[in-house]
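Read in order, the letters of the sequence shown are residues 1 to 289 in this note's numbering. Using N, Cα and C, we set each Cβ at its ideal position, and we do this for glycine too. Below: the structure, in structure tokens.
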Amino acid sequence: MTPGWLPARQDKEDLMRLTRLDVQKMKQAGERIAMLTAYDHPSAVLAERAGVPLLLVGDSLGMVVHGHDTTLPVTLDDMVRHAAAVVRGSTRALVVADLPFLTYASEADAVASARRLMQDAGVGAVKLEGGAPVLPGVRRLTGLGVPVMGHLGLTPQAQHQLGLRVQARGAADARQLLDDALALEAAGAFAVVLELVPAPLADAVSRRLHIPTIGIGAGAGCDGQVQVWHDLLGLFPGKSPRHARRYAEIGTLIENALRQYVAEVQAGDFPTAAQSSGMDEAALAEALG
Ligand code: KIV
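As structure tokens, then:
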């Protein structure tokens, strides 16, 4: 079935990438938004073929791709390299890339960092974490034509301040989160990620905002959901985070395939003639003298 976000008519405009305006229309139409992280060309190709309208090149790549403990070591160069591959692997999805830790601390930094992601990698929007301190940067970027997605609740770049747990359970913090979400909307953000926020709060925030909320561990009341590729596909053995559902056990599948490969090489069962090329016997004899 054609997803709702993919228009049936195929005139020139229909073939263009989705923009923040299409995302806004999805909220207005009550269409739930599925967002997924992608970090390279194959993941972008597969996600788009599956009908994912929003691809996030998250700085979670620091952990799931580069093996760091946190997102903090991720650099702008890392993001540009991965984001460019995701852009090359997709044609219709809106590609959003994270501005990494401390690359948007001032308005000038935010502009310089967003320039690299939009011009050098070709993404359609950037995402940044936090409330009041990032508002001047959000205003500046959106004023210059850069679509910005906010990120509230658990903001992993601030994990040394916040810990890695559900945020805004108390009344004051919950009020602050609502105020921050409204302020991001007023500053021009086109959507806000709500990460590890109590479901009833995320639901209320989603109903007060005109722009869509995209939840991760924030319940079903958000306008959309975002998940990390590796969690959703079961890339790593053991458990995914509580907020994720494992739709496959790709890690086990890969491991079993690799075991079989090793065994077949060791047994001399791979390669066979089917994976090899022949050669004229006379030519070989002449070459070998
Ligand atoms: O970096 C990331 O993947 C994210 C999502 C978890 C929202 O920010």
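Need the endpoints of the beta strand (DSSP E) that residue i sits in, please.
| i | result |
| --- | --- |
| His215 | The question names His, but residue 215 in the sequence shown is Gly. First-last of the beta strand (DSSP E) with Gly215: 213–216. |
| Val96 | 94–98 |
| Val126 | 125–127 |
What do you reckon, are the CB atoms on residue i and residue j nearer than 8 Å?
| i | j | result |
| --- | --- | --- |
| Val96 | Val123 | yes |
| Val57 | Gly89 | no |
| Asp69 | Asp98 | no |
| Val192 | Ala181 | yes |
| Arg116 | Leu144 | no |
| Leu135 | Ala174 | no |
| Gln227 | Ala248 | no |
With a CB to CB cut of under 6 Å and the five nearest residues on each side skipped, what residues in its chain are close to residue i?
| i | result |
| --- | --- |
| Gly215 | Leu194, Ala202, Cys222, Gln225 |
| Glu129 | His151, Thr155, Gln157 |
| Met1 | Note that Met1 scores 49 on pLDDT, short of 50, meaning its location in the model is unreliable and no value can be drawn from it. |
| Asp280 | none |
| Ile254 | none |
Kindly list the residues whose CB is nearer than 8 Å to the CB of residue i, restricted to its own chain and excluding five residues on each side of it in sequence; keep chain order.
| i | result |
| --- | --- |
| Thr252 | Gly234, Pro237 |
| Arg139 | Ala187, Gly188 |
| Leu290 | Since the first and last residues shown for the chain are 1 and 289, residue 290 lies out of range. |
Starting from residue i, follow the alpha helix (DSSP H) in both directions and report where the run begins and ends.
| i | result |
| --- | --- |
| Gly251 | 250–267 |
| Val80 | 76–88 |
| Val335 | Since the first residue shown for the chain is 1 and the last is 289, residue 335 is missing from the structure and cannot be characterised. |
| Gln275 | Segment: none, Gln275 is in no alpha helix (DSSP H) and carries neither H nor E. |
Using a Cβ-Cβ cut-off of 7 Å (strictly less than) and excluding sequence neighbours within five positions of residue i, which residues of its own chain qualify?
| i | result |
| --- | --- |
| Val146 | Ala114, Met118, Val126 |
Can you determine whether any heavy atom of ligand 1 sits closer than 7 Å to the C-beta of residue i, and answer yes or no?
| i | result |
| --- | --- |
| Gly291 | Examination of residue 291 is not possible in this model, given that the chain is present from 1 through 289 alone. |
| Thr71 | yes |
| Ile216 | yes |
| His151 | yes |
| Val148 | no |
| Thr75 | no |
| Leu117 | no |
Examine chain C for any beta-carbon lying closer than 8 Å to the beta-carbon of residue i, and answer yes or no.
| i | result |
| --- | --- |
| Pro147 | The displayed structure is made up of one protein chain only, and chain C is not part of it. |
Exercise for the section: Enumerate, from N- to C-terminal direction, the unbroken beta strand (DSSP E) stretches of 3 or more residues contained entirely within the segment 130–216. Expected result: 148–153, 191–195, 213–216
Exercise for the section: Only counting runs of 4 or more residues, tell me where the alpha helix (DSSP H) segments fall wholly within the segment 30–68, in order along the chain. Expected result: 41–49, 61–64
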